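So the structure is just underneath, and the comments pick up after that.
2 protein chains.
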Amino acid sequence: MFKAKVLIKRRPSILDPQGVAVEKGAQHLGISNIKNTRIGKLIEFDVDLTDRTAAEKEVNDYCSKLLSNPIMEDYEFTLSEWIPSGEEVK
Amino acid sequence: MFKAKVLIKRRPSILDPQGVAVEKGAQHLGISNIKNTRIGKLIEFDVDLTDRTAAEKEVNDYCSKLLSNPIMEDYEFTLSEWIPSGEEVK
Numbered sequence: 001m002f003k004a005k006v007l008i009k010r011r012p013s014i015l016d017p018q019g020v021a022v023e024k025g026a027q028h029l030g031i032s033n034i035k036n037t038r039i040g041k042l043i044e045f046d047v048d049l050t051d052r053t054a055a056e057k058e059v060n061d062y063c064s065k066l067l068s069n070p071i072m073e074d075y076e077f078t079l080s081e082w083i084p085s086g087e088e089v090k
Numbered sequence: 091m092f093k094a095k096v097l098i099k100r101r102p103s104i105l106d107p108q109g110v111a112v113e114k115g116a117q118h119l120g121i122s123n124i125k126n127t128r129i130g131k132l133i134e135f136d137v138d139l140t141d142r143t144a145a146e147k148e149v150n151d152y153c154s155k156l157l158s159n160p161i162m163e164d165y166e167f168t169l170s171e172w173i174p175s176g177e178e179v180k
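Protein chains in written order, with my numbering: chain A, 1 to 90; chain B, 91 to 180.
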């Protein structure tokens, strides 16, 4: 079993209107030193496989087919092995 | 100047219907070893302050007043000092 943590970001060249909007809201609240807000996704899940290579393939499939938009976004992930009854191995 | 990276997650006790929906989609695509998908947010921005304590306060304000829903979500962040012309200091 692995625990996967995926971070998805818009490519730097692509505008982030949601970030712009939140930042404007901040200025109205007097939070005025924040710049260049970019909003992405954090996705965490378990992968029920014992082989790391197979688990990486599963995560890549999940990311590229469902979680991210490959035209506009990049993703990166970490996998940590995990024994359900105990602690993280790595 | 600091670069901030904020991760926002739903509290573990709160259901994540979006995660459940995406995972069902995965099963239809034959990606069947994924469990317990939880979808959160990754937010990155610059803080235009030189004092770390002041920058931390600014990030806490931004997170608690705008970025996260304190009833349902927890946030954590890292701040790395950054000199606009050069590389990350820490």
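For every residue, glycine included, the Cβ atom is placed at its ideal position computed from N, Cα and C. Remember, predicted model here, so these are calculated numbers, not experimental data.
When Cβ-Cβ separations below 7 Å define contact, B/A116 makes contact with chain A. For the region 112–141 of chain B, the set of residues with a beta-carbon nearer than 8 Å to any beta-carbon of chain A comprises V112, E113, G115, A116, L119, I121, N123, I124, K125, N126, T127, R128, I129, G130, K131, L132, I133, E134, F135, D136, V137, D138, L139, in chain order.
Taking a contact to require three or more Cβ pairs closer than 8 Å, the region 145–158 of chain B and the region 91–107 of chain B qualify as touching.
Under the Cβ distance rule, A/K65 counts among the residues neighbouring chain B, one pair being separated by less than 7 Å. For A/G40, the enclosing beta strand (DSSP E) starts and ends at 34–47.
The C-beta of A/D16 has 16 or more other C-beta atoms within 10 Å across all chains shown, which makes the residue buried.
The secondary-structure analysis by DSSP pairs B/I98 across a beta bridge with B/K131, B/Y165.
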